[in-house]
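Note that the protein sequences, when read in sequence, are chains G and D. Position 22 of the first sequence, counting from 1, maps to 21 under numbering that gives the first Met the number 0, and the rest follow consecutively. Position 41 of the second sequence, counting from 1, maps to 40 under numbering that gives the first Met the number 0, and the rest follow consecutively. So the structure is just underneath, and the comments pick up after that.
There are 2 protein chains.
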Amino acid sequence: MAPTTAPVEMNLSIEKMEKVAFILKTTAHPTRIAIVQLLAAQESLSVNDISERLNIEQSLASHHLSGMKLKGILSSSRDGKNVFYSLKMREVVDVIQCIAACTFL
Amino acid sequence: MAPTTAPVEMNLSIEKMEKVAFILKTTAHPTRIAIVQLLAAQESLSVNDISERLNIEQSLASHHLSGMKLKGILSSSRDGKNVFYSLKMREVVDVIQCIAACTFL
DNA sequence: TGTATACATGAACAAATGATCATACATTTG
DNA sequence: CAAATGTATGATCATTTGTTCATGTATACA
Numbered sequence: 000m001a002p003t004t005a006p007v008e009m010n011l012s013i014e015k016m017e018k019v020a021f022i023l024k025t026t027a028h029p030t031r032i033a034i035v036q037l038l039a040a041q042e043s044l045s046v047n048d049i050s051e052r053l054n055i056e057q058s059l060a061s062h063h064l065s066g067m068k069l070k071g072i073l074s075s076s077r078d079g080k081n082v083f084y085s086l087k088m089r090e091v092v093d094v095i096q097c098i099a100a101c102t103f104l
Numbered sequence: 000m001a002p003t004t005a006p007v008e009m010n011l012s013i014e015k016m017e018k019v020a021f022i023l024k025t026t027a028h029p030t031r032i033a034i035v036q037l038l039a040a041q042e043s044l045s046v047n048d049i050s051e052r053l054n055i056e057q058s059l060a061s062h063h064l065s066g067m068k069l070k071g072i073l074s075s076s077r078d079g080k081n082v083f084y085s086l087k088m089r090e091v092v093d094v095i096q097c098i099a100a101c102t103f104l
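Structural data, given as structure tokens:
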């Protein structure tokens, strides 16, 4: 039987480390963290919703959103004039929670 | 009584989001992820150990290491000619594990 | 004291990022 | 179709990052 608490042992491949870095990098920005927060609570929001809630320009919101979509963190679907974004890679929520939980921050 | 599984609801402050972003940014690099990996398994390693294991120049390793130390992720202590670095913020291990566990990566 | 070994540091430069602006595209409605 | 609304995109620019190189500092040891 494997012990329930194995010694830390992960040995990621170089490729995997690059992918992980890629995702972390995509998440590592206050505005993008805020976006993830909103979408963790809302299921889906339009670009306007987000830019208003975060008090940023529409264009900037769109840039962040499409970037995050391109990198696989978000997905989007159009409904009339609006484009609604939602979380695709929900794991990033846990990642943020994990760091945010550090009491010393 | 608070429910044990609350709906996703974290509402981090702007300051907290900036701090989280700061930590993620500091971690978001293949070499630095590799360093965390090594230190997750070794407790402490010298600059030379690390630069050899990762096949990078001493100078580059030192830059990454002192940066991570400055940002609170690592700590260091000198023993003779060597400086040994070790993980201070072990939470970053979980963060990396979390993303690395995504099957689609 | 001088030399070797281990690290640190700063300059310099290329590349990536983030923000803003202007403008283009898409959809609805009059 | 024209105007209004919502979103995307590309150019530009300032800032930050990552790397390399040269050199400086610290410790050990002959």
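The C-beta atom is built at its ideal place from N, Cα and C for all residues, glycine as well. These numbers were taken from a predicted model, which means no experiment stands behind them.
Partner residues on chain G for residue i, Cβ-Cβ distance less than 7 Å
{"i": "H28/D", "result": "A20"}
{"i": "K24/D", "result": "A27"}
{"i": "E90/D", "result": "C97, I98, C101"}
Paired residues, beta bridge with residue i - DSSP
{"i": "D78/G", "result": "N81/G"}
{"i": "S45/G", "result": "F83/G"}
{"i": "L59/D", "result": "Its beta-bridge partners do not exist; DSSP assigns none."}
{"i": "L73/G", "result": "L86/G"}
Which listed residue (the options) has its alpha carbon closest to that of residue i
{"i": "D93/D", "options": "K70/D, A39/D, F83/D, S76/D", "result": "A39/D"}
{"i": "K15/D", "options": "S43/G, A33/G, L11/G, S45/G", "result": "A33/G"}
{"i": "H28/G", "options": "L11/G, S85/G, E51/G, I95/G", "result": "I95/G"}
{"i": "M88/D", "options": "G71/D, N47/D, L104/D, A60/D", "result": "G71/D"}
Amino acids of chain G, ordered along the chain, whose beta-carbon sits closer than 9 Å to that of residue i
{"i": "K48/D", "result": "The residue asked about is misnamed: residue 48/D is Asp in this sequence, not Lys. Going along chain G, no residue has its Cβ under 9 Å from D48/D, so there is no contact; the nearest lies around 16 Å."}
{"i": "A99/D", "result": "M9, L11, K15, M16, K18, V19"}
{"i": "L105/D", "result": "The shown model of chain D, from 0 to 104, leaves out residue 105/D, and the question about it has no answer."}
Neighbouring residues, chain D, relative to residue i (Cβ below 8 Å)
{"i": "I34/G", "result": "Simply none; closest approach about 10 Å."}
{"i": "L104/G", "result": "K15, K18, V19, I22"}
8 Å Cβ cutoff met for residue i and residue j
{"i": "I49/G", "j": "L64/G", "result": "yes"}
{"i": "E42/G", "j": "S75/G", "result": "no"}
{"i": "S45/D", "j": "V82/D", "result": "yes"}
{"i": "Q36/G", "j": "L11/D", "result": "yes"}
{"i": "T25/D", "j": "M67/D", "result": "yes"}
{"i": "C101/G", "j": "C97/D", "result": "no"}
7 Å Cβ cut-off: residues of chain D touching residue i
{"i": "I95/G", "result": "V19"}
{"i": "L59/G", "result": "The premise fails here: L59/G is roughly 16 Å from chain D at the closest Cβ pair, so nothing lies under 7 Å."}
For the stretch 52-63 of chain G against the stretch 16-26 of chain G, do three or more pairs of beta-carbon atoms, one drawn from each stretch, fall closer than 8 Å, so that the two count as touching? Counting Cβ pairs under 8 Å, fewer than three are found: no touch.
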